[in-house]
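Single-structure report; data block below.
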Amino acid sequence: MSDIEQAPPAAAPVEAPAAAAAPVEAPAAAPIEAPTASSIEAPSAAADVLAPAETAVEFVAKPGEAAVKPEFRRVLPPKTEGDDGERERGTFKKRPRDAADDPSTMLCRAVAAGEGCAYSDSCKFSHDVADYMKRRPKDFEGPCPVYTALGYCRYGLNCRYGLTHVDANGVNLGTPADEKTAKQERNIEYDILDNPEPAEHKPVDFKGKIYVGPLTTVGNLPFRRVLKHWGADITIGEMAMATNLLQGQASEWALLRRHESEDVFGVQIAGAYGDQMARVCELITRKTKVDFIDINMGCPIDLVCKAGGGAALMNRPPKLYSVIAGALTGIELGSFGLATRPSLTVKMRAGWSEKTPVAHKLLPKVQTSISSNEFMNQSVIHGRSRLQRYTKNADWVYVAECADTRGDDKTMQMVGGGDVLSYEEFHEHLQSGQIDTCMLARGALIKPWLPTEIKERRHYDISSSERLDILKDFVKCGLEHWGSDAKGINRTRRYLLEWMSFLCRYVPVGILEKLPQRINDRPMPYYGRNDLETLMASDQAADWVKISEMLLGPVPEGFQFVPKHKANAYG
0 MSDIEQAPPA AAPVEAPAAA AAPVEAPAAA PIEAPTASSI EAPSAAADVL
50 APAETAVEFV AKPGEAAVKP EFRRVLPPKT EGDDGERERG TFKKRPRDAA
100 DDPSTMLCRA VAAGEGCAYS DSCKFSHDVA DYMKRRPKDF EGPCPVYTAL
150 GYCRYGLNCR YGLTHVDANG VNLGTPADEK TAKQERNIEY DILDNPEPAE
200 HKPVDFKGKI YVGPLTTVGN LPFRRVLKHW GADITIGEMA MATNLLQGQA
250 SEWALLRRHE SEDVFGVQIA GAYGDQMARV CELITRKTKV DFIDINMGCP
300 IDLVCKAGGG AALMNRPPKL YSVIAGALTG IELGSFGLAT RPSLTVKMRA
350 GWSEKTPVAH KLLPKVQTSI SSNEFMNQSV IHGRSRLQRY TKNADWVYVA
400 ECADTRGDDK TMQMVGGGDV LSYEEFHEHL QSGQIDTCML ARGALIKPWL
450 PTEIKERRHY DISSSERLDI LKDFVKCGLE HWGSDAKGIN RTRRYLLEWM
500 SFLCRYVPVG ILEKLPQRIN DRPMPYYGRN DLETLMASDQ AADWVKISEM
550 LLGPVPEGFQ FVPKHKANAY G
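The sequence shown runs 0 to 570 under numbering that gives the first Met the number 0.
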């Protein structure tokens, strides 16, 4: 039995309290100075709603709808002429893009940091500090997150907190991290092995652990830092394409970055060829420090599947097995002379179509690969097909059937995935003993405090102010990661808004009629217990932008946002 199963509950499960009852407070995140342009009160939701009636609204929840208590229900205004009720959704190609800035109006980064520009007069950016200072936007209040974390901000005067770490003479304060590292490395003695031995393999133990799975776009490093704060045990980076990594694309390699708080960390790679996977796994093993490499065999995106990767691998078993063999070879070659080597894991769906699941047929051969190679030790089964996407519930009966293919040989750990949004669902799936743990995905996006709920076996009726603190944490981590200049702030805002397209699906515990909330149940329209909670419940992008302005200041002129992910995730 896992540590989680043995631990006594921290508190009895909390039934949904009445509206007037005191909410069950979640442990607040560590206090963080939010980067704000000014103190802004939470505005009302942008969507027009009718004022709450004196008596409760009488209507019955439809199938697939999360019922809220009568006193919180709201009536939406009638649709206007021409409103077809469809929500605008973005695609990869047609989403609004931020307008490109004129380089001549932007201060050169080297000059902004108080350094000399290597391009001199041929630099396309401005070197006129006096002119830039005249039109420089007002600084945000509070300390610079980058300077606070690193003791130096490389953005200098371009930083939106710049005057907190630039003196009156324009000198950027602090010492760059590379200079500090260089001084330390001069005094380090290195042991060079004449006859290096094979690296030691320490398999990752997933049993009973809180594992936050790979999430394209939204599973970025700042998000993972927030999840670590709320109790996640194992994290993994966003899916990276093997081809792009081998071509040396910096944006793709950035997906493999690991924060020091991620004590058990893996990377996920999508590829369609054994030799390709061998080369990229060898490169990752040599050049990065990861605990495991995961092969993506479940991505449903057309771009990936048409190239033969992702879920398409499950339709071609020989190619699938060659990809696994190539990855194992690459890890072995790349780890020669190193102290440790990463494990190999795979993540697959039930199959291409829900009518013809194939995972249970593929797993015995995968199990054989594991039995003959000590470096592979885990498989994740996502209980839905590629064509099914997210509008239907995950099939956990089939996940259990796949787990049974192991028989008495438990060398390969089995992780189930799909629709986990509460501690009840997590522990219910573990009770049979057929799987070792559950992977969190959309549930962690909707409720980032879910790992703590699982460990303490209770529901948190988290307040809107505490939820805002979580967003402040994300913004702070985002500015450290993407930068505190205008470009970094815009990028942080974009990723914050992408995350908020999932966060708005959460229904507070004190408002629900019945616990727990199910991930595919669409919430009834409702009023929150205060203006901020109502605003956070809005599914309108304009309201998400308002919340982002509370944390990152006003949006640039002409700013537009459309969520990247088209799947509405409701049945």
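By construction, the Cβ of each residue, glycine as well, lies at the ideal position given by its N, Cα and C atoms.
* To do: Decide if Ala20 is buried, meaning its Cβ has at least 16 other Cβ atoms within 10 Å, or exposed.
  => Residue confidence is low: Ala20 scores 39 on pLDDT, short of 50, so the model does not pin down where it sits. No coordinate-derived value is stated.
* Tell me, to the nearest whole angstrom, how far the beta carbon of Ser500 is from that of Cys143; I am working on the premise that it is less than 8 Å. => Not quite, the Cβ-Cβ distance comes to about 29 Å (not below 8 Å), so this is no contact.
* Do the CB positions of Ala310 and Pro299 come within less than 7 Å of each other? -> yes
* Asked: DSSP state of Cys401, grouped into three classes?
  -> The three-state reading of DSSP puts Cys401 in helix, counting H, G and I together.
* Out of Trp252, Met438 and Arg348, point me to the one whose CA is closest to Tyr397's CA. => Arg348
* Asked: Between Ser352 and Asn392, what straight-line distance do the alpha-carbon atoms span, to the nearest angstrom?
  -> 14 Å
* For Gly115, count neighbouring Cβ atoms within 10 angstroms of its own Cβ and tell me buried if that reaches 16, exposed if not. => exposed
* Around the C-beta of Ala167, are 16 or more other C-beta atoms found within 10 angstroms, so that it is buried, or is it exposed? -> exposed
* Identify, in the order they occur along the chain, each residue of the same chain with its Cβ nearer than 7 Å to the Cβ of Pro202, setting aside the five sequence neighbours on each side. => Ser342 and Asn376
* Can you tell me which of Leu502, Arg383 and Arg456 puts its alpha carbon nearest to the alpha carbon of Arg466? => Nearest in C-alpha terms to Arg466, of all of Leu502, Arg383 and Arg456, is Leu502.
* Using a threshold of 7 Å, state whether the C-beta atoms of Ser321 and Gly273 are closer than that. => yes
* Asked: Hey, how far is the Cα of Gly161 from the Cα of Ser121?
  -> 26 Å
* Asked: Where Ala65 and Lys123 are concerned, what is the direct C-alpha to C-alpha distance, given to the nearest angstrom?
  -> 55 Å
* Asked: Quick one: is the Cβ of Asn529 within less than 6 Å of any heavy atom of the ligand ZN?
  -> Of the ligands one can find in the structure shown there are none, so the ligand ZN has no counterpart to examine.
* Asked: Going by alpha carbons, who is nearest to Ile518 out of Phe71, Arg72, Leu420 and Glu199?
  -> Leu420
* To do: Below 6 Å CB to CB, which residues in the same chain sit around Ile233 once its five sequence neighbours on both sides are set aside?
  => Lys208, Tyr210 and Val263
* Less than 8 Å between the CB atoms is what I'm expecting for Ala573 and Thr339, so what's the real figure, rounded? => Any question about residue 573 goes unanswered here, given that the chain covers just 0 to 570.
* Taking just the CA atoms, how far does Ser431 sit from Gln248? -> 44 Å
* **Residue from Val544, Tyr118 and Glu497 whose Cα sits closest to the Cα of Arg441** => Nearest option by C-alpha distance: Glu497.
* When you compare only the Cα positions, how much space is there between Pro102 and Val554? -> 20 Å
* Asked: Do Phe205 and Thr436 have their CB atoms nearer than 7 Å?
  -> Yes, they are a contact pair.
* Determine the burial state of Arg134: buried for a count of at least 16 other Cβ atoms within 10 Å of its Cβ, exposed for fewer. => exposed
* To do: Check His458 in the structure and name its three-state DSSP category.
  => Coil at His458, not helix or strand.
* Can Lys346 and Val379 be called in contact, C-beta distance under 7 Å? -> yes
* Could you please give the first and the last residue of the uninterrupted alpha helix (DSSP H) stretch that includes Ser547? => Going by DSSP, Ser547 is part of the alpha helix (DSSP H) stretching over Ala540 to Leu551.
* Over what stretch of residues does the beta strand (DSSP E) that includes Ile235 continue unbroken? -> The continuous beta strand (DSSP E) containing Ile235 extends over residues Ile233 to Met240.
* Hey, how far is the Cα of Tyr118 from the Cα of Ala271? -> 42 Å
* Can you give me the Cβ contacts of Gly487 inside the same chain, cut-off strictly under 7 Å, excluding the 5 residues immediately before and after it? => Leu478 and Trp481
* Asked: What is the rounded straight-line gap between the Cα of Thr174 and the Cα of Ile235?
  -> 32 Å
* **Cys437 in three-state terms, based on DSSP** => In this structure, Cys437 counts as strand in the three-state DSSP scheme.
* To do: Would you kindly work out how many angstroms separate the C-alpha atoms of Glu53 and Ile546, rounded to a whole number?
  => At Glu53 the pLDDT is 46, less than 50, meaning the model places this residue with poor confidence and gives no usable figure here.
* Asked: Between the beta-carbon of Ala536 and the beta-carbon of Gly527, is there less than 7 Å?
  -> The answer is yes: Cβ separation under 7 Å.
* Closest by CA to Asp293, which one among Leu156, Ile445 and Val414? -> In terms of CA proximity to Asp293, Val414 leads the group Leu156, Ile445 and Val414.
* Asked: Is it right to say Glu281 is buried, meaning 16 or more other beta carbons lie within 10 angstroms of its own, or is it exposed?
  -> With 16 or more other Cβ atoms within 10 Å, it is buried.
* **N- and C-terminal bounds of the alpha helix (DSSP H) containing Val225** => Here the alpha helix (DSSP H) through Val225 covers Leu220 to His228.
* Less than 8 Å between the CB atoms is what I'm expecting for Arg73 and Tyr389, so what's the real figure, rounded? => Arg73 to Tyr389, Cβ: 26 Å. No contact.
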